[in-house]
Amino acid sequence: MKPLDGIRVLDLTRALAGPFCTLMLGDYGADVIKIEIPGTGDDTRKWGPPFIGDESAYFLSVNRNKRSITLNFKDPQAVEIFKELAKTSDVIVENFTPDVMTRFGIGYDEIKKINPQIVYCSISGFGKDGPYRDRPAYDQIMQGVGGLMSITGTPDGEPEKIGIAVTDIGAGMWGAFAVVTALQHRNTSHKGQHIDLAMLDAQVAWLTYQAGYYFATDEAPKRLGKAHPTLVPYQAFMGNDGKYFNVAVGSDRLWERFCGGIKRPELQRMTLNTRPMETEFEIELP
């Protein structure tokens, strides 16, 4: 038995942030019904190559453990079908821009009339309030707006995005966490709720110590390439054999062991807070 056995989720999401959220719910046992538009379905079905059969590996990577139907919400009959499903469901997750679901007649205010205990999670780029609320969003855009690209890359290079869609995935994880938290709250309050989750919020929340650096110094964090803003050495190095290797020294105890390992005991006198960021090491590999 899995933790979310018996929980039904209506999944109206596409691309990555929303599908990753419902993927996690499905992995933990929820019955996820993915609802797509007729004809094309989720755009990521065609995001390839590579393809497995006639579906992209991208789509399959975040849509396991789901059943799928199609509904055209411009058809009143489709709206009624959805409402019938919503009556006996626990969770709805959607990632349209704000007000789209309301225009379809299936927004939170409408659904809670027929199912007051519904947990309704809306994932969008900028949330339902604010000047950017109606703007669509992709991970590429949100990594820039959320500050991630300004701290990624070499000091003298261009801003770079992370190699994975970290803002999409982060929003999906926050969404799944918010849903299970709301379900737990429902267990005691017997009330549902509307979760308004912005991808921007998810991104900024992950800045953690980078944001702390700004508030402590009033200086914007800088791009450091492979290096860490507070720990040395904590990056990838190229050895004499031309191969890269990773070093992560996060304490003085590890520093002492590291210096012993590279046969440079004279460096042990430097502590975690006195090692200069520009310290360089020459390490001979066997």
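Each residue of the sequence shown is one higher than the one before, counting from 40 in this note's numbering. Built from N, CA and C at the ideal position, the CB exists for glycine as well. This one's a predicted model, so the numbers in the text were calculated from it and none came from an experiment.
Check the DSSP bridge columns for Arg53 and list the partner residues they point to. Arg53 is not bridged by DSSP to any residue.
Just to confirm, is the Cβ distance from Leu124 to Ala117 under 8 Å? It is not a contact, given that the beta carbons lie outside the stated cut-off.
Could you round the C-beta distance between Val288 and Pro272 to whole angstroms and report it? I think they count as a contact, below 8 Å. About 6 Å separates the two Cβ atoms, so the contact holds.
Proximity below 8 Å, CB of Ile131 to CB of Ile150: Cβ atoms of Ile131 and Ile150: closer than 8 Å.
At 3 residues or longer, what runs of the beta strand (DSSP E) sit wholly inside the stretch 142-170? You should have 158-163.
Put Val218 into one of helix, strand or coil per three-state DSSP. Residue state, collapsed to three classes: helix.
With DSSP as the reference, please indicate the residues paired to Leu64 in a beta bridge. Answer is none; Leu64 lacks a bridge partner.
Are Ile72 and Asp129 touching if we call contact CB-CB under 8 Å? No.
Mind checking which residues open and close the alpha helix (DSSP H) that includes Gln116? Note, Gln116: alpha helix (DSSP H), Pro115 to Lys126.
Residues near Phe98 by beta carbon distance below 7 Å, same chain, minus five either side: Counting only Cβ-Cβ distances below 7 Å, and skipping sequence neighbours, we find Asp81, Thr83, Arg84 and Trp86.
Decide if Phe216 is buried, meaning its Cβ has at least 16 other Cβ atoms within 10 Å, or exposed. Residue environment: Phe216 is assigned as exposed (fewer than 16 neighbouring CB atoms within 10 Å of its CB, all protein chains considered).
Identify, in the order they occur along the chain, each residue of the same chain with its Cβ nearer than 7 Å to the Cβ of Leu43, setting aside the five sequence neighbours on each side. Short of 7 Å from the beta carbon of Leu43, and not among the five residues preceding or following it, lie these beta carbons of its own chain, in chain order: Leu64, Tyr67, Gly68 and Ala69.
Closer than 6 Å by C-beta to Glu182: which residues in its own chain qualify, once you throw out the five before and the five after it? Chain order, please. As written in the sequence, residue 182 is Gln, which differs from the Glu given in the question. Beyond the five residues adjoining it in sequence on each side, Gln182 comes within less than 6 Å, by CB distance, of Met188, Lys200 and Thr206 in the same chain, given in chain order.
On the three-state DSSP scale, how would you describe Asn285? Reduced to three states, the DSSP call for Asn285 is strand.
DSSP three-state assignment for Phe90, whether helix, strand or coil: Strand.
Pull up the distance between the alpha-carbon of Leu246 and that of Gly169, whole angstroms please. The alpha-carbon separation between Leu246 and Gly169 amounts to approximately 21 Å.
Is His233 helix, strand or coil when you go by DSSP? Looking at His233 - three-state DSSP - the assignment turns out to be strand.
Please classify Pro77 as buried or exposed, where buried requires at least 16 neighbouring CB atoms within 10 angstroms. Exposed, because fewer than 16 other Cβ atoms sit within 10 Å of the Cβ of Pro77.
Bridge partners - Asp70, DSSP secondary structure assignment: Per DSSP, the beta bridge partners of Asp70 are Arg47.
Comparing C-alpha positions only, which one of Gln307, Phe297, Ile234 and Leu263 sits nearest to Thr220? Out of Gln307, Phe297, Ile234 and Leu263, Ile234 has the C-alpha closest to the C-alpha of Thr220.
Does the beta-carbon distance from Phe143 to Phe112 come in below 8 Å? Going by C-beta atoms, Phe143 is nearer than 8 Å to Phe112.
Under a three-way DSSP split, which group does Ala275 fall into? Taken through DSSP and simplified to helix, strand or coil, Ala275 comes out as strand.
Within the continuous beta strand (DSSP E) that includes Glu133, where are the two ends? DSSP places Glu133 in the uninterrupted beta strand (DSSP E) bounded by Val130 to Glu133.
DSSP beta-bridge partners of Glu75: By DSSP's assignment, Glu75 forms a beta bridge with Thr109.
Assigned secondary structure, Ser290 (DSSP; H/G/I helix, E/B strand, else coil): Three-state DSSP puts Ser290 in coil, outside helix and strand.
Quick check: Leu263 and Pro198, are their CB atoms within less than 8 Å of each other? No, these two residues do not count as a Cβ contact at 8 Å.
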